[in-house]
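Note sheet for the following structure.
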Amino acid sequence: MPLIPHDRLQRLAERILLAAGAPPDHANLVSTTLVATNLRGTDSHGIQLLTFYVDQLLAGDMLAAETGHVVSESGTSMVYDSSNGMGQVTARICADHAARLAQTHGMGIVTARNCNHFGAAYWWAKQIAEKGNIGIVMCDASPLVAPWQGREPRFGTNPICFALPGEEAFLLDMATTTVAAGRIFKASINQQPSIPSGWALDAEGVPTTDTQTAMQGLLMPLGGIRAPGWP
Numbered sequence: 012m013p014l015i016p017h018d019r020l021q022r023l024a025e026r027i028l029l030a031a032g033a034p035p036d037h038a039n040l041v042s043t044t045l046v047a048t049n050l051r052g053t054d055s056h057g058i059q060l061l062t063f064y065v066d067q068l069l070a071g072d073m074l075a076a077e078t079g080h081v082v083s084e085s086g087t088s089m090v091y092d093s094s095n096g097m098g099q100v101t102a103r104i105c106a107d108h109a110a111r112l113a114q115t116h117g118m119g120i121v122t123a124r125n126c127n128h129f130g131a132a133y134w135w136a137k138q139i140a141e142k143g144n145i146g147i148v149m150c151d152a153s154p155l156v157a158p159w160q161g162r163e164p165r166f167g168t169n170p171i172c173f174a175l176p177g178e179e180a181f182l183l184d185m186a187t188t189t190v191a192a193g194r195i196f197k198a199s200i201n202q203q204p205s206i207p208s209g210w211a212l213d214a215e216g217v218p219t220t221d222t223q224t225a226m227q228g229l230l231m232p233l234g235g236i237r238a239p240g241w242p
C-alpha cells in the first residue's frame, strides 16, 4: 500500500472539496480533521469518509456553504439548526457556543439539528476542553443495531466522547457498539474477506465474521450477544 505524507493528503482532500463546491474555510476544516483522525489511528473516521461527503455534496444532499443559524438560546442552553450544512462546520460552531455558555453560566448545552456527519467526536470535545471546560459530545446515528436477541435494527451506534482539560488530559471517544460501523466499511473498502469475531451479526441476528455479510447485517452491541448454542 502506498504511503502519502499527511500534509500532501490534506491538501489533496482540500482541493477535492473545493472542486465539489465547498468554501475554502469549510474545505480546510473538513480535510484537516479527517487527516488528523487518520494520524490518531482511527482510520474508520478519517480520509475514507471523503468520498461519502463528496457524493452528498454533488447530489445536493449536503450544502457545502451553509453555516446554519441559532434557533433559540436561554441561559445554559442553545438549539442550533445546521440547515443541512457540513457536519464539521456545524460541530465547530456548536463547540464554540458550548464553551462560551459554559464560561458564562458554568455549563453549556448545545443541541444541533438538521446536521450531517461530523467525523470523529474527539475533535470537538477536545476543542471545548482546550478552552478550560470538560467537553462532552454525543450524537445519534442511523439504526444499525438490533435490541438484544433481535433481528431488526432499532438503535444507532450513538457515539459518546469525553475530554478533560489540562496537561495530562483524559479523552474517551467510543461507540455503544463493539466497533464503529466505519471499521466494517473500511474492511469492505479494502476488500478484506473477514472481520474479527464479535464485530457484527448477519441479517438474522447470528454472529458473523464475513465482511460482506456484516455489511448487510447488524452491528454487535457493546458487551456482545450470547445465546444458547452460540460459541
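When we follow the numbering used here, the leftmost residue of the sequence shown carries the number 12, and every step to the right adds one.
A virtual CB, placed ideally from N, CA and C, is assigned to each residue, including glycine.
Note that the structure is a prediction, hence the values are computed from the model and not measured.
- Around the beta-carbon of Glu25, 16 or more other beta-carbon atoms lie within 10 Å, marking it buried.
- For the options Ala75, Gly86, His108, the alpha carbon positioned closest to that of Met97 is the one of Ala75.
- Residue range 88–92 is occupied by the beta strand (DSSP E) that includes Ser88.
- The beta carbon of Ile200 lies closer than 7 angstroms to those of Gln59 in the same chain, with the five residues before and after it left out.
- When Leu183, Gly235, Leu182 are compared, the shortest CA-CA separation from Ser208 is found for Gly235.
- Non-local C-beta neighbours of Asp213 in its own chain, meaning closer than 7 angstroms and more than five positions away in sequence, comprise Thr219, Thr224, Gly228, ordered along the chain.
- With a beta-carbon spacing of about 19 angstroms, Gln67 and Thr43 fall beyond the 8 angstroms limit used to define contacts.
- Here the C-alpha atom of Asn125 lies approximately 29 angstroms from the C-alpha atom of Arg162.
- Annotated three-state conformation of Ile206 is coil, per DSSP.
- With three or more CB-CB distances shorter than 8 angstroms, the stretch 165–177 counts as touching the stretch 125–143.
- Restricted to the stretch 144–213, the alpha helix (DSSP H) segments that are unbroken, complete and at least 4 residues in length are 192–200, listed in chain order.
- Residues of the same chain with a CB within less than 6 angstroms of the CB of Ala102, apart from the 5 flanking positions on each side, are Phe129, Trp135 in chain order.
- For Ala131 against Cys150, the beta-carbon gap comes to about 11 angstroms, at or over 8 angstroms, which does not count as contact.
- Residue environment for Met118: exposed (fewer than 16 other C-beta atoms within 10 angstroms of its C-beta).
- With at least 16 other beta carbons inside 10 angstroms of its own, Trp210 counts as buried.
- For the pair Phe181 and Gly57, the Cα-to-Cα distance works out to about 21 angstroms.
- For Asn144, the closest alpha carbon among the candidates Ala106, Gln160, Pro158, Phe166 is that of Ala106.
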